[in-house]
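Using the working numbering, read the sequence shown as starting at 5 and increasing by one per residue. Glycine included, every Cβ here is placed at the ideal spot set by N, Cα and C. Right, one structure below, let's go through it.
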Amino acid sequence: MTNKTKTSPAQRDLRIGIVGAGVMGRGIAQLFLQAGYPVRLYDTQAGALDAAAEFVGKMIGRQVEKGRCSQEEADTMLAGLTLCRGMDGLASCRVVIEAVVELLDVKKQLFAELENIVSAEAILASNTSSLLVSDIAAACARPERVAGLHFFNPVPLMRVVEVIPAALTDADVIGELSSLVATTGHRAVVAADQPGFLVNHAGRGFTTEALRILEEGVAQPVDVDRVMREAMGFRMGPFELLDLTGLDVSGKVMQSVYDQFLQEPMYRPSSLVPPRMAAGLFGRKTGRGFYRYEDNRKIEPEEAPAPQVSITRVWLDGAGDSASRQLAEELKAGGAQVADSPAGGDTIAVLQPWGSDVSQCCTVKDLDPTRTVAVDPLPGLDKRRTLMLSPVTEPGVRDSMHGLLAAGGVPVTVINDSPGFISQRILAVIVNIAANIAQRRIASVPDIEAAVTLGLGYPHGPLSWGDKVGGARIAEILDNLFKLTGDPRYRPSPWLRRRVQCGVSLLTEEAERN
Numbered sequence: 005m006t007n008k009t010k011t012s013p014a015q016r017d018l019r020i021g022i023v024g025a026g027v028m029g030r031g032i033a034q035l036f037l038q039a040g041y042p043v044r045l046y047d048t049q050a051g052a053l054d055a056a057a058e059f060v061g062k063m064i065g066r067q068v069e070k071g072r073c074s075q076e077e078a079d080t081m082l083a084g085l086t087l088c089r090g091m092d093g094l095a096s097c098r099v100v101i102e103a104v105v106e107l108l109d110v111k112k113q114l115f116a117e118l119e120n121i122v123s124a125e126a127i128l129a130s131n132t133s134s135l136l137v138s139d140i141a142a143a144c145a146r147p148e149r150v151a152g153l154h155f156f157n158p159v160p161l162m163r164v165v166e167v168i169p170a171a172l173t174d175a176d177v178i179g180e181l182s183s184l185v186a187t188t189g190h191r192a193v194v195a196a197d198q199p200g201f202l203v204n205h206a207g208r209g210f211t212t213e214a215l216r217i218l219e220e221g222v223a224q225p226v227d228v229d230r231v232m233r234e235a236m237g238f239r240m241g242p243f244e245l246l247d248l249t250g251l252d253v254s255g256k257v258m259q260s261v262y263d264q265f266l267q268e269p270m271y272r273p274s275s276l277v278p279p280r281m282a283a284g285l286f287g288r289k290t291g292r293g294f295y296r297y298e299d300n301r302k303i304e305p306e307e308a309p310a311p312q313v314s315i316t317r318v319w320l321d322g323a324g325d326s327a328s329r330q331l332a333e334e335l336k337a338g339g340a341q342v343a344d345s346p347a348g349g350d351t352i353a354v355l356q357p358w359g360s361d362v363s364q365c366c367t368v369k370d371l372d373p374t375r376t377v378a379v380d381p382l383p384g385l386d387k388r389r390t391l392m393l394s395p396v397t398e399p400g401v402r403d404s405m406h407g408l409l410a411a412g413g414v415p416v417t418v419i420n421d422s423p424g425f426i427s428q429r430i431l432a433v434i435v436n437i438a439a440n441i442a443q444r445r446i447a448s449v450p451d452i453e454a455a456v457t458l459g460l461g462y463p464h465g466p467l468s469w470g471d472k473v474g475g476a477r478i479a480e481i482l483d484n485l486f487k488l489t490g491d492p493r494y495r496p497s498p499w500l501r502r503r504v505q506c507g508v509s510l511l512t513e514e515a516e517r518n
């Protein structure tokens with residue numbers, strides 16, 4: 005638990021007001037109580053206040069049970085909570101955080117009323133996740149004292165908070181809120197007042213590109229999830245995530261961000277979503293989504309056993325690069341004979357392209373598409389392997405390669421032709437969106453990296469992950485996707501392109517102009 009005993013006099017004197025005693029409000033209250041601040045909680049419903057106090061008491065009590073604080077310390081924390089039956093109980097608060105229903109008119113009215121109660125020096129902060137803070141601040145006579153302070157659920161555990169300046173917010177307000185967040189042990193990230201702010205903006209690529217892959221018939225949801233979870237190291241796959249958050253919620257967010265960015269193709273949602281929303285296929289909450297659920301447990305289809313394979317001749321494209329050599333060793337260990345040429349009616353051509361599909365490679369390299377397949381080089385071969393077919397790959401070729409790749413016990417996902425397989429497409433889009441966020445000055449590079457790892461739980465920050473793969477490689481994947489699909493969603497960000505051209509890290513900030 006953060007700052008449970010090291011409470012400064014300034015913290016003890018700085019009162020935090022919270023409007024709204026729902027899930028977010030009670031979580032915010034718990035966080036600040038644990039950090040040693042006196043908290044004044046207000047809600048129009050007395051029952052909600054009492055329920056929130058009981059919940060916070062239970063959560064802090066669990067910290068005692070786990071040995072994270074003493075009973076005396078817990079009692080001190082809970083003594084700092086004041087339940088306000090009227091809004092005037094917030095008059096002495098230095099910072100008031102709003103966590104009410106996500107409706108602009110409701111928030112504007114609330115802020116106008118709060119401004120007449122608190123001091124002129126008080127800061128009014130909104131926990132909005134989807135509304136522009138500037139729209140809320142427009143209702144106030146002192147918009148310079150209004151900002152966004154966006155927490156994530158569950159608040160005590162999600163250790164990142166977005167601090168959002170509205171168009172007229174004073175810089176010292178943002179500094180004070182960032183420092184306030186830091187005293188709780190959470191990481192403050194400053195994000196411009198743009199759709200999705202930082203975390204929800206950076207998260208657009210993971211699910212929207214997965215849905216695009218599903219639209220194109222490349223693979224089923226379980227295939228995409230297995231690749232992204234097992235091969236790429238995500239905690240859950242994109243379709244598991246959509247089922248967890250609820251498609252009724254995620255679908256609206258996708259459409260909202262797309263519309264607020266004036267239909268920028270990079271954020272285009274999927275036409276697969278509205279019919280599923282209409283049918284109530286929301287995910288865990290309804291028992292059916294991209295998966296079925298029984299007692300809140302996901303029912304995942306069993307993976308079919310790999311085919312048995314006899315001795316097979318293969319030719320590997322790649323001019324002896326490290327990925328090609330590693331794959332050759334794996335295939336030989338599975339019983340394959342590695343040929344020097346793709347010639348010969350019984351030889352299977354095996355490719356490892358970046359951002360291209362099998363069909364395109366066959367055309368460029370003059371290969372027989374019925375006997376050509378591809379293996380994804382991005383995630384390596386140790387956890388899960390992806391085998392990609394052309395539209396006319398023979399069943400015997402498919403089964404032989406599947407069996408060879410699975411011979412060592414590593415699972416194999418078989419997909420249809422797709423420029424960039426599954427992992428390359430999704431990762432390249434994630435990196436490109438992060439680069440675009442940096443280019444638009446929506447957030448600093450360190451804040452982008454922290455927000456994505458802490459707020460989204462990705463294995464790496466997006467720009468450092470791009471460096472790990474290679475900025476030029478990410479640009480190559482995007483360029484090939486753009487050429488093969490013609491879809492402007494894959495346009496490489498200028499941030500990405502320029503750093504590749506300059507031969508520097510994607511983490512490189514812009515040079516100072518003065």
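Select from the options the residue whose C-alpha is nearest the C-alpha of residue i.
{"i": "Gly291", "options": "Asp344, Thr249 and Trp499", "result": "Thr249"}
{"i": "Lys387", "options": "Thr367, Phe238 and Ser363", "result": "Phe238"}
{"i": "Asp54", "options": "Thr86, Cys97, Val449 and Lys369", "result": "Thr86"}
{"i": "Val433", "options": "Arg208, Glu298, Gly24 and Gln49", "result": "Arg208"}
{"i": "Leu519", "options": "Trp469, Asn484, Val449 and Asn157", "result": "This structure leaves residue 519 out entirely; the chain is present only between 5 and 518."}
{"i": "Ala308", "options": "Leu218, Ser345, Ser363 and Ala410", "result": "Ala410"}
{"i": "Val23", "options": "Pro305, Gly348 and Leu45", "result": "Leu45"}
{"i": "Glu480", "options": "Glu220, Asp263 and Ser497", "result": "Ser497"}
{"i": "Thr187", "options": "Pro160, Ala175, Gln198 and Ile168", "result": "Pro160"}
{"i": "Gly338", "options": "Thr48, Ser427, Pro311 and Ser74", "result": "Pro311"}
{"i": "Lys472", "options": "Glu117, Pro383 and Ala515", "result": "Pro383"}
{"i": "Leu82", "options": "Ile64, Val68, Arg72 and Met91", "result": "Ile64"}
{"i": "Glu106", "options": "Leu135, Thr80, Ala214 and Asp92", "result": "Leu135"}
{"i": "Ser422", "options": "Asp451, Lys369 and Asn484", "result": "Asn484"}
{"i": "Pro279", "options": "Leu266, Phe294, Gln267 and Met270", "result": "Phe294"}
{"i": "Arg230", "options": "Arg402, Ser427 and Met270", "result": "Ser427"}
{"i": "Lys62", "options": "Ala145, Gly51, Arg30 and Asp92", "result": "Arg30"}
How close, in whole Å, do the beta carbons of residue i and residue j come, if the pair is a contact with beta carbons under 8 Å?
{"i": "Val165", "j": "Ile127", "result": "Between Ile127 and Val165 the Cβ distance is about 14 Å, and since that is not below 8 Å, they are no contact."}
{"i": "Val414", "j": "Leu391", "result": "Actually they are not in contact, since the Cβ atoms of Val414 and Leu391 sit about 11 Å apart, beyond 8 Å."}
{"i": "Cys366", "j": "Pro357", "result": "Contact doesn't hold; Cβ gap of about 11 Å is too wide."}
{"i": "Ala476", "j": "Val435", "result": "In fact, because the Cβ distance is near 12 Å, the residues do not count as touching under 8 Å."}
{"i": "Leu114", "j": "Glu125", "result": "Incorrect: roughly 19 Å between the Cβ atoms, too far for contact."}
{"i": "Pro399", "j": "Ser363", "result": "The pair is not a contact, with the Cβ atoms about 18 Å apart (cut-off 8 Å)."}
{"i": "Cys97", "j": "Arg19", "result": "4 Å"}
{"i": "Ala353", "j": "Asp380", "result": "Between Asp380 and Ala353 the Cβ distance is about 16 Å, and since that is not below 8 Å, they are no contact."}
{"i": "Val110", "j": "Gly84", "result": "About 28 Å; that fails the 8 Å criterion."}
{"i": "Leu285", "j": "Leu246", "result": "So it is not a contact: roughly 10 Å between Cβ atoms."}
{"i": "Gln34", "j": "Val60", "result": "5 Å"}
Leaving out the 5 sequence neighbours to the left and right, which residues in its chain are closer than 6 Å to residue i when beta-carbon positions are compared?
{"i": "Ala141", "result": "Pro147, Val150 and Ala170"}
{"i": "Met270", "result": "Arg493"}
How would you write the range of the alpha helix (DSSP H) that residue i sits in, first residue to last?
{"i": "Thr489", "result": "Gly475 to Thr489"}
{"i": "Cys365", "result": "Val362 to Lys369"}
{"i": "Val261", "result": "Leu251 to Gln264"}
{"i": "Leu118", "result": "Leu108 to Glu119"}
{"i": "Cys506", "result": "Pro498 to Cys506"}
{"i": "Leu408", "result": "Pro399 to Ala410"}
{"i": "Thr212", "result": "Arg208 to Glu219"}
{"i": "Ile419", "result": "It is not in any alpha helix (DSSP H) - Ile419 instead sits in the beta strand (DSSP E) that spans Val416 to Ile419."}
{"i": "Leu153", "result": "Per DSSP, Leu153 belongs to no alpha helix (DSSP H); it is in the beta strand (DSSP E), Val150 to His154."}
{"i": "Gly31", "result": "Val27 to Gln38"}
Within a Cβ cutoff of 7 Å, which residues of the same chain sit near residue i, ignoring the five residues on either side of it in sequence?
{"i": "Arg216", "result": "Ser274"}
{"i": "Leu335", "result": "Val318, Val342 and Leu408"}
{"i": "Gln259", "result": "Pro273"}
{"i": "Asn300", "result": "Arg288"}
{"i": "Ser404", "result": "Val313, Thr316 and Ile352"}
{"i": "Pro463", "result": "Gly237 and Phe238"}
{"i": "Pro158", "result": "Gly31"}
Tell me which residues share the same chain as residue i and place their Cβ nearer than 8 Å to its Cβ, disregarding the 5 neighbours each side in the sequence.
{"i": "Lys112", "result": "Asp139, Ile140, Ala142 and Ala143"}
{"i": "Trp499", "result": "Ala439, Asn440, Ala442, Gln443 and Leu510"}
{"i": "Arg517", "result": "none"}
{"i": "Gln49", "result": "Ala25"}
{"i": "Leu181", "result": "Val99, Ile127, Ala129, Ala151, Leu153, Val167 and Ala192"}
Between which two residues does the beta strand (DSSP E) containing residue i stretch?
{"i": "Val99", "result": "Val99 to Glu102"}
{"i": "Thr86", "result": "Leu85 to Cys88"}
{"i": "Met392", "result": "Arg389 to Leu393"}
{"i": "Leu382", "result": "Where Leu382 is concerned, there is no enclosing beta strand (DSSP E), given that its DSSP letter is neither H nor E."}
{"i": "Leu45", "result": "Val43 to Tyr46"}
Taking the DSSP output, what are the residues bridged to residue i?
{"i": "Thr80", "result": "The partner list for Thr80 (beta bridge, DSSP) is empty, contrary to what the question assumes."}
{"i": "Ala192", "result": "Val165"}
{"i": "Lys302", "result": "Tyr297"}
{"i": "Ile127", "result": "Val99"}
{"i": "Arg317", "result": "Gln341 and Thr351"}
{"i": "Gly287", "result": "Arg292"}
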